[in-house]
Structures are given as C-alpha cells and as structure tokens.
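Numbering (my numbering), first residue to last: 115 to 289. Glycine included, every Cβ here is placed at the ideal spot set by N, Cα and C. Have a look at the structure below before the remarks.
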Amino acid sequence: MLAGKGVLALAAAMMLTLAACGDRNADPQLMNLRSSGNGPDEFGILPPKALELPEDLQTLPEPTLGGTNLTDQDPEADIAIALGGKVRDGAGVPAGDSALVASASRYGRSASIRPELAAADLEHRRDNKGRILERLFNVNVYFKAYSNVSLDQDAELRKWRRRGIRTVSAPPPPE
Numbered sequence: 115m116l117a118g119k120g121v122l123a124l125a126a127a128m129m130l131t132l133a134a135c136g137d138r139n140a141d142p143q144l145m146n147l148r149s150s151g152n153g154p155d156e157f158g159i160l161p162p163k164a165l166e167l168p169e170d171l172q173t174l175p176e177p178t179l180g181g182t183n184l185t186d187q188d189p190e191a192d193i194a195i196a197l198g199g200k201v202r203d204g205a206g207v208p209a210g211d212s213a214l215v216a217s218a219s220r221y222g223r224s225a226s227i228r229p230e231l232a233a234a235d236l237e238h239r240r241d242n243k244g245r246i247l248e249r250l251f252n253v254n255v256y257f258k259a260y261s262n263v264s265l266d267q268d269a270e271l272r273k274w275r276r277r278g279i280r281t282v283s284a285p286p287p288p289e
C-alpha cells in the first residue's frame, strides 16, 4: 500500500517536471499551416492557367528571363476582379475603388493594425494555453482558446433571416 503511494507520487513529480520543461516564451504555434520540413509547400503550388492561342500573335509579351507569362496565376488580381474591383497597375488604389476605401476608413485607420493584432492574439493565446495534458501531448487548443469570442454562424443566419434581411450567399433555408 505504501509502495503504491510512493510510485504514484513519483509519477506525479515526473509529470510536473516534464511540464515545467516547456518554453513559456516561445511563440505558440496553435494553427501552424507552414511546412516544417524540407519538402515542398503543398499550399504554395499554383497550377498554371490553360494554354490559349491569342487572336493576335503580335500582342504576346517579349520573353524575359525570370519574367511572367500569360499562363501565370495572379491570385490577388483574380480576387479583385471577382469582387468587382479592378486590377492594380503599380502602387495605390484604383480610381474605381476610392469610394470603397473612403467608406471603409471613415472612422480612421491604423497603419500598425497588423502588429497590434498579432500582439493581442499572442497575449490571448498565452493566457488560454490549455491544460497540462493538452500541452504535454501537443493537443491543438486553438478553437478552445477562441470559443468565447467565436461567432455562431447558424444563430447569426437565423437572426438575420428573422429580420427579413436577404442572405444571398448563405445556403437556402430548410423547408
């Protein structure tokens, strides 16, 4: 009986020692989407666009070493076009989008918003790290850490539909 308690106490002391070995100052990697190995990044590979024969071969750009070609993907330009904007040529906001930018920044904007949010996120995740066994077995606690500030999508959708607001991008309501 006494030996059983000693083994239990030793096991608890070893577990506490192992838990204390963690680096508290390390940046928590809760949702690590970056590749940690030496292989290719499967999220960084973009397939080229389909080959097409242009109507006028004189409009083809001059080939340059390391330059772009017509089959290269441009995700930022594709997103701008899909959202009704225009592709930027150089720096600045396209003239057609200036009203949108003015409306979005009508209450002011902070040039340092990204570092501020990153610092606030890091502090929030450090305060909500998870229990000892979750940290010991490297269990992902990202969703648990943000559960008190996450949005219930279904409840929000029902709320807006009850108010008569059209929700065209959401799935149709169940019948």
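With DSSP collapsed to three states, give me the class of residue i.
i: isoleucine 193; result: helix
i: phenylalanine 251; result: coil
i: glutamate 270; result: helix
i: glutamine 172; result: helix
i: glycine 120; result: helix
i: serine 283; result: coil
i: threonine 131; result: helix
i: asparagine 262; result: helix
i: isoleucine 246; result: helix
i: alanine 209; result: helix
Between which two residues does the alpha helix (DSSP H) containing residue i stretch?
i: alanine 233; result: 227-241
i: lysine 258; result: 256-259
i: serine 212; result: 212-218
Label residue i either buried or exposed according to how many other C-beta atoms from any shown protein chain fall within 10 Å of its C-beta, with 16 as the threshold for buried.
i: alanine 209; result: exposed
i: glycine 244; result: buried
i: alanine 259; result: buried
i: arginine 228; result: exposed
Problem set entry | Cβ contact (3+ pairs, closer than 8 Å) linking the segment 185-200 and the segment 209-222 | yes
Problem set entry | Stretch pair the segment 160-171 + the segment 185-195: three plus CB contacts closer than 8 Å | yes
Problem set entry | Contact the segment 227-242 vs the segment 255-272: 3+ CB pairs below 8 Å | yes
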